[in-house]
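So the sequence shown is residues 30 to 185, counted in the working numbering. Positions of the beta carbon are idealized from the N, C-alpha and C atoms, including for glycine.
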Amino acid sequence: MARLSEKFHACLHELSGRYPARRALLLPALHMAQKEIGWLPPDVIGEIAAALEIHPAKVVETASFYTMFNLGPVGRHDVRVCTNVSCSLRGAERILEHCERKLGISAGETTADGRITLHDEECLGACGTAPAMSVDGKYHENLDLLEVDRILEGLH
Ligand code: FES
30 MARLSEKFHA CLHELSGRYP ARRALLLPAL HMAQKEIGWL PPDVIGEIAA
80 ALEIHPAKVV ETASFYTMFN LGPVGRHDVR VCTNVSCSLR GAERILEHCE
130 RKLGISAGET TADGRITLHD EECLGACGTA PAMSVDGKYH ENLDLLEVDR
180 ILEGLH
């Protein structure tokens, strides 16, 4: 039984005219599927593979390469703290540890109430305004611990 919506398949069909081959739609398909379901469970991986006429292993291979795709269940909010070089030089580890302590979880885990999944992220491309984190895709930059507290407390 199809798990992805008719809208998903209609969008994929509409996009297909812009790509030279059906398999080239994989990244947009992964983004749309994750937006719809929240993560990429095996049946959704299979549905994407069937829609693009590729092997499911190819879908998993691509999804597992990029940190923004979730291959396991996640919380309602997605918090990603960058710990790459620029952010690290400006205190990212302290920010990540602060998030872990405040949320009672380690990076890669989800709070027991399903509210937040915390990630130790690679470069977000906001190096000039480090340290940075993204929350549900929105960037927060030039962070300090007070700002991190304000952000986390605003997530329900
Ligand atoms: S190193 Fe953190 S945004 Fe680039």
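Collapsed DSSP secondary structure at residue i in the structure displayed
{"i": "residue 107", "result": "strand"}
{"i": "residue 139", "result": "strand"}
{"i": "residue 61", "result": "helix"}
{"i": "residue 163", "result": "strand"}
{"i": "residue 74", "result": "helix"}
{"i": "residue 172", "result": "coil"}
{"i": "residue 44", "result": "helix"}
{"i": "residue 66", "result": "helix"}
{"i": "residue 180", "result": "helix"}
{"i": "residue 25", "result": "In this structure the chain extends from 30 to 185, so residue 25 is not present and cannot be described."}
Identity of the residue in the options nearest residue i by Cα
{"i": "residue 93", "options": "82, 55 and 104", "result": "55"}
{"i": "residue 30", "options": "52, 74 and 162", "result": "74"}
{"i": "residue 174", "options": "47, 39 and 126", "result": "126"}
{"i": "residue 39", "options": "49, 61, 50 and 53", "result": "61"}
{"i": "residue 63", "options": "167, 49, 134 and 98", "result": "98"}
{"i": "residue 137", "options": "41, 108, 152 and 169", "result": "108"}
{"i": "residue 168", "options": "142, 85 and 153", "result": "153"}
Test item: CB-CB of residue i and residue j under 9 Å
{"i": "residue 155", "j": "residue 118", "result": "no"}
{"i": "residue 110", "j": "residue 149", "result": "yes"}
{"i": "residue 128", "j": "residue 161", "result": "no"}
{"i": "residue 181", "j": "residue 132", "result": "yes"}
{"i": "residue 52", "j": "residue 83", "result": "yes"}
{"i": "residue 41", "j": "residue 88", "result": "no"}
{"i": "residue 113", "j": "residue 170", "result": "no"}
{"i": "residue 72", "j": "residue 32", "result": "yes"}
Residue-level contact to chain C via CB, residue i, 9 Å cutoff
{"i": "residue 147", "result": "Of the chains in the structure shown, none is chain C; there is only one protein chain."}
8 Å CB neighbourhood of residue i in its chain, flanking five on each side removed
{"i": "residue 106", "result": "144, 145, 146, 164, 165 and 184"}
{"i": "residue 34", "result": "65"}
{"i": "residue 44", "result": "54 and 57"}
{"i": "residue 135", "result": "129 and 147"}
Contacting residues, own chain, Cβ-Cβ under 6 Å from residue i (five flanking each side not counted)
{"i": "residue 91", "result": "55"}
{"i": "residue 85", "result": "74, 75 and 78"}
Quick check: the stretch 67-87 against the stretch 98-118, are at least 3 beta-carbon pairs closer than 8 Å?
yes
For the stretch 70-82 and the stretch 120-136, state whether three or more C-beta atom pairs, one from each stretch, are separated by less than 8 Å.
no
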